[in-house]
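Novice: Just dropping this structure here.
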Amino acid sequence: MKVFLRYEDNEDESKHKTLKITLPKSWKTGPSSRLLDQFVESYNGGNEGQSNPLESAGMHLALRRSSATAANDDTATTSLEDVPSDGIIIETIADRDDVFVCHGPSRTVEEINAERQAKLDQEKEAQKNLSKC
535 MKVFLRYEDN EDESKHKTLK ITLPKSWKTG PSSRLLDQFV ESYNGGNEGQ SNPLESAGMH
595 LALRRSSATA ANDDTATTSL EDVPSDGIII ETIADRDDVF VCHGPSRTVE EINAERQAKL
655 DQEKEAQKNL SKC
């Protein structure tokens, strides 16, 4: 399994970095935070990291996902979907995926699911107050 870790979350393109990693078998069933730690170590050890050091605690991983804007619309939008820090790599990241390293603390599966549920509950509550014609 290979993944491409990309850091592009900076205005200065000289600080961007892409790292291609072939994952050892033992990593595939490990947490995604291991990938982040490996990238930060590589980044900080290179030229980019000397002027712009990163800290794993202040970073998270994300995947770019496409979604259609409407059922009959051919245009699609892309957005970054957070990868949970405790998510199992083989279950959350596909072979040859572009994984983006972004600023902001990482979240766990439980935190992401709680946020999704709160959003669904809020939408359901808003729908309850609408009258159907």
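So for the sequence shown, the working numbering puts the first residue at 535; every next one is plus one. Glycine included, every Cβ here is placed at the ideal spot set by N, Cα and C.
Given that a residue counts as buried once 16 or more other Cβ atoms are within 10 Å of its Cβ, and exposed if not, what is E582?
Specialist: Flag for E582 reads buried.
Novice: If you follow the alpha helix (DSSP H) that I555 is in, where does it begin and where does it stop?
Specialist: Where I555 is concerned, there is no enclosing alpha helix (DSSP H), although the beta strand (DSSP E) it sits in stretches over 551-556.
Novice: Just tell me which of C636, S566, L588 has its CA closest to the CA of S576.
Specialist: L588
Novice: What are the complete beta strand (DSSP E) segments, minimum 3 residues, inside the segment 540-602?
Specialist: 551-556, 593-602
Novice: Could you give the DSSP three-state label for I627: helix, strand or coil?
Specialist: coil
Novice: Can you tell me whether D620 is helix, strand or coil according to DSSP?
Specialist: coil
Novice: Can you have a look at K551 and say buried or exposed, based on whether 16 or more other CB atoms are within 10 angstroms of its CB?
Specialist: buried
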